[in-house]
DNA sequence: ATAATAAAAGATATTTTTGTCTTTTATTAT
DNA sequence: ATAATAAAAGACAAAAATATCTTTTATTAT
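Protein chains in written order, with this note's numbering: chain F, -4 to 140; chain S, -4 to 140.
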């Protein structure tokens, strides 16, 4: 198992890609993005449509159109993307899948998971969508393969 | 998304259930276990068969038969179950799904994930299958609902 | 106005995961 | 030996996630 769904992995890689392009004022078509992050083009289209409806990425149609991020979007924490795509089960769900797991009715790993979930949330909260622009532009970080 | 697959959640809950029963020398049938952890009976059968083949749980057929854990099994770290069911992608895979992500070719979240994966592995390494027997017997911990 | 471009939307297909059904095999008690 | 019990195994089914195909809508440049 991975931490994120495949859909969410594509979404995160796509917004990192867009962040880097948007910082220099460039819009990107689905084709570009899919090539840039090595994802299935049409599937990625669906994902970005969804993020667009939710206001986490911007888009414009027609010639010279494409997807891009506003400066406000660039400074959103990455957790917004994860929440939009995978929901918040990663941050609130029981590690053993119990619906009624809670402080007063805990599963065996309740406290252990509380700790781990919190660390994941903290990491995703302090990482903004635009965090890695410099390293991405310099080619120090990879979004594909 | 959850950290573990549903299959793995059932597997962990089942071994915790078995640990508690096995500590008092009792074998459990699939029906018992499924009722004890609120899981689909036949599906759980498959999961336990698999763990049995891999030597992580013991079983005997026929009247008075059932599943149980040896004392060695009781002291195995929980990570053995996770590895057997979900593989080790949780501990080694890239958080963004990149096949070739590594120290020299890192994804943007490489270091962040290294840290988190390590914490998960640590937790699963120091938790043994029998860790929670006392609390389970006393009814302080829940394995169902 | 028209043609070209690119996202949006809806329908469909494939794959993986989860769950069920049926038959077989091993063990035990009578 | 026989019947009852319980796991093992194989085939099948349903649901969810992932991926693709086709048509529509909006925008821009000519």
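C-beta atoms are modelled at their ideal positions from N, C-alpha and C, and glycine is treated no differently.
Assigned secondary structure, residue 127 (chain F) (DSSP; H/G/I helix, E/B strand, else coil): Residue numbering aside, residue 127 (chain F) sits at position 132 when the first chain is read from its first letter. Three-state DSSP puts residue 127 (chain F) in coil, outside helix and strand.
query: Whose Cβ in chain S lies nearer than 7 Å to the Cβ of residue 44 (chain F)?
result: On the first chain, position 49 is the one that residue 44 (chain F) refers to. The contacting residues do not exist; residue 44 (chain F) stays about 20 Å from chain S at best.
message: Quick check on residue 90 (chain S) - is its C-beta less than 8 Å from some C-beta in chain F?
response: Position 95 of the second chain, counting from 1, holds the residue named residue 90 (chain S). At least one chain F Cβ lies under 8 Å of residue 90 (chain S).
- request: Using a Cβ-Cβ cut-off of 8 Å, state whether residue 62 (chain S) counts as contacting chain F.
  value: One-based indexing of the second chain puts residue 62 (chain S) at position 67. With 8 Å as the cut-off, residue 62 (chain S) does not count as an interface residue toward chain F.
field: Cβ neighbour criterion (16 or more within 10 Å) applied to residue 129 (chain S)
entry: Position 134 of the second chain, counted from the first residue, corresponds to residue 129 (chain S). Its Cβ having fewer than 16 others within 10 Å, residue 129 (chain S) is exposed.
- prompt: Between which two residues does the alpha helix (DSSP H) carrying residue 108 (chain S) extend?
  reply: Mapped onto the second chain, residue 108 (chain S) falls at position 113. Here the alpha helix (DSSP H) through residue 108 (chain S) covers 105 to 121.
query: Closest by CA to residue 140 (chain F), which one among S:96, S:139 and S:120?
result: By 1-based counting over the first chain, the position of residue 140 (chain F) is 145. For residue 140 (chain F), the nearest C-alpha among the options comes from S:96.
- request: Provide the residue(s) that pair with residue 61 (chain S) in DSSP beta bridges, ordered along the chain.
  value: Residue numbering aside, residue 61 (chain S) sits at position 66 when the second chain is read from its first letter. Note: residue 61 (chain S) sits in a beta bridge opposite S:55.
task: Going by CA-CA distance only, name the one from S:98, S:64 and S:107 that's closest to residue 123 (chain S).
output: Taking the first residue of the second chain as 1, we reach residue 123 (chain S) at position 128. Here the closest residue by C-alpha is S:64.
Residue range of the unbroken alpha helix (DSSP H) whose run includes residue 68 (chain S): Taking the first residue of the second chain as position 1, residue 68 (chain S) is located at position 73. Counting along the chain, the alpha helix (DSSP H) containing residue 68 (chain S) begins and ends at 66 to 69.
- prompt: Which residues share a DSSP beta bridge with residue 101 (chain F)?
  reply: Locating residue 101 (chain F) in the first chain gives position 106, where the first residue counts as 1. Note: residue 101 (chain F) sits in no beta bridge, so no partner.
query: Quick one: what does DSSP say residue 141 (chain S) is sitting in, helix, strand or coil?
result: The structure shown does not extend to residue 141 (chain S), since chain S is modelled only from -4 through 140, so no value can be given for it.
message: Considering only their Cβ atoms, is the gap separating residue 51 (chain S) from residue 103 (chain F) smaller than 8 Å?
response: Taking the first chain and counting its residues from 1, one reaches residue 103 (chain F) at position 108. Taking the second chain and counting its residues from 1, one reaches residue 51 (chain S) at position 56. No; because the gap between Cβ atoms is not below 8 Å, this pair is not in contact.
message: Rounded to the nearest angstrom, what separates residue 43 (chain F) and residue 24 (chain F) at their Cα positions?
response: The residue you call residue 43 (chain F) lines up with position 48 of the first chain. The residue you call residue 24 (chain F) lines up with position 29 of the first chain. The alpha-carbon atoms of residue 43 (chain F) and residue 24 (chain F) are separated by roughly 11 Å.
task: Can you tell me which of the three DSSP states residue 47 (chain F) falls into?
output: Sequence index remark: in the first chain, residue 47 (chain F) carries index 52 (1-based). Correct three-state label for residue 47 (chain F): helix.
field: residue 21 (chain F) - containing alpha helix (DSSP H), residue span
entry: Reading the first chain from its first residue, position 26 is the one you call residue 21 (chain F). Where residue 21 (chain F) is concerned, there is no enclosing alpha helix (DSSP H), given that its DSSP letter is neither H nor E.
message: By the 7 Å beta-carbon criterion, what residues does the stretch 9 to 22 of chain S contribute toward chain F?
response: 11
- request: For my contact list, residue 4 (chain F) and residue 92 (chain S) are in at a C-beta cut-off of 8 Å; report their separation, rounded to the angstrom.
  value: Position 9 of the first chain holds residue 4 (chain F). Position 97 of the second chain holds residue 92 (chain S). Indeed they touch by this definition, with Cβ atoms about 4 Å apart.
8 Å Cβ cutoff, residue 75 (chain S) in contact with chain F: Mapped onto the second chain, residue 75 (chain S) falls at position 80. No, residue 75 (chain S) lies away from the interface with chain F (no Cβ there is under 8 Å from its Cβ).
task: Take residue 54 (chain S) and list the residues in its own chain whose beta-carbon comes closer than 6 Å to its own, dropping the five residues that flank it on each side.
output: Position 59 of the second chain, counted from the start, is the residue given in the question as residue 54 (chain S). Here the set comprises 47 and 62.
- request: Please say whether residue 69 (chain S) and residue 125 (chain S) have beta carbons closer to each other than 8 Å?
  value: Taking the first residue of the second chain as 1, we reach residue 125 (chain S) at position 130. Taking the first residue of the second chain as 1, we reach residue 69 (chain S) at position 74. Yes, the Cβ-Cβ distance between residue 125 (chain S) and residue 69 (chain S) is below 8 Å.
message: So, for residue 116 (chain F): in the same chain, excluding its five sequence neighbours on each side, which residues have a beta-carbon less than 6 Å away from its beta-carbon?
response: On the first chain, position 121 is the one that residue 116 (chain F) refers to. Excluding sequence neighbours, residue 116 (chain F) sits near 86.
message: For residue 131 (chain F) and residue 37 (chain S), what's the separation of their Cα atoms in angstroms?
response: Against the first chain, residue 131 (chain F) aligns to sequence position 136. Against the second chain, residue 37 (chain S) aligns to sequence position 42. Their Cα atoms are separated by approximately 49 Å.
- request: Using alpha carbons as the reference points, say which of S:15, S:34 and S:107 lies closest to residue 133 (chain S).
  value: Start at 1 with the first residue of the second chain, and residue 133 (chain S) comes out as number 138. For the residues S:15, S:34 and S:107, the minimum Cα distance to residue 133 (chain S) belongs to S:15.
7 Å Cβ cut-off: residues of chain S touching residue 120 (chain F): Looking up residue 120 (chain F) in the first chain gives position 125. Here the premise fails: no neighbours, minimum Cβ distance about 12 Å.
Residues that residue 72 (chain S) bridges to, as DSSP identifies them: Here residue 72 (chain S) refers to the residue found at position 77 of the second chain. Partner(s): S:123.
Whole-Å CB distance - residue 28 (chain F) paired with residue 118 (chain S), under 8 Å assumed: Along the first chain, read from residue 1 onward, the residue named residue 28 (chain F) stands at position 33. Along the second chain, read from residue 1 onward, the residue named residue 118 (chain S) stands at position 123. With 8 Å as the limit, residue 28 (chain F) and residue 118 (chain S) do not qualify as a contact, their Cβ atoms being about 36 Å apart.
query: Which chain F residues are close to residue 113 (chain S), counting only those with a beta carbon under 8 Å from its beta carbon?
result: Taking the first residue of the second chain as position 1, residue 113 (chain S) is located at position 118. Within 8 Å Cβ-Cβ: nothing; residue 113 (chain S) doesn't reach chain F, min ~11 Å.
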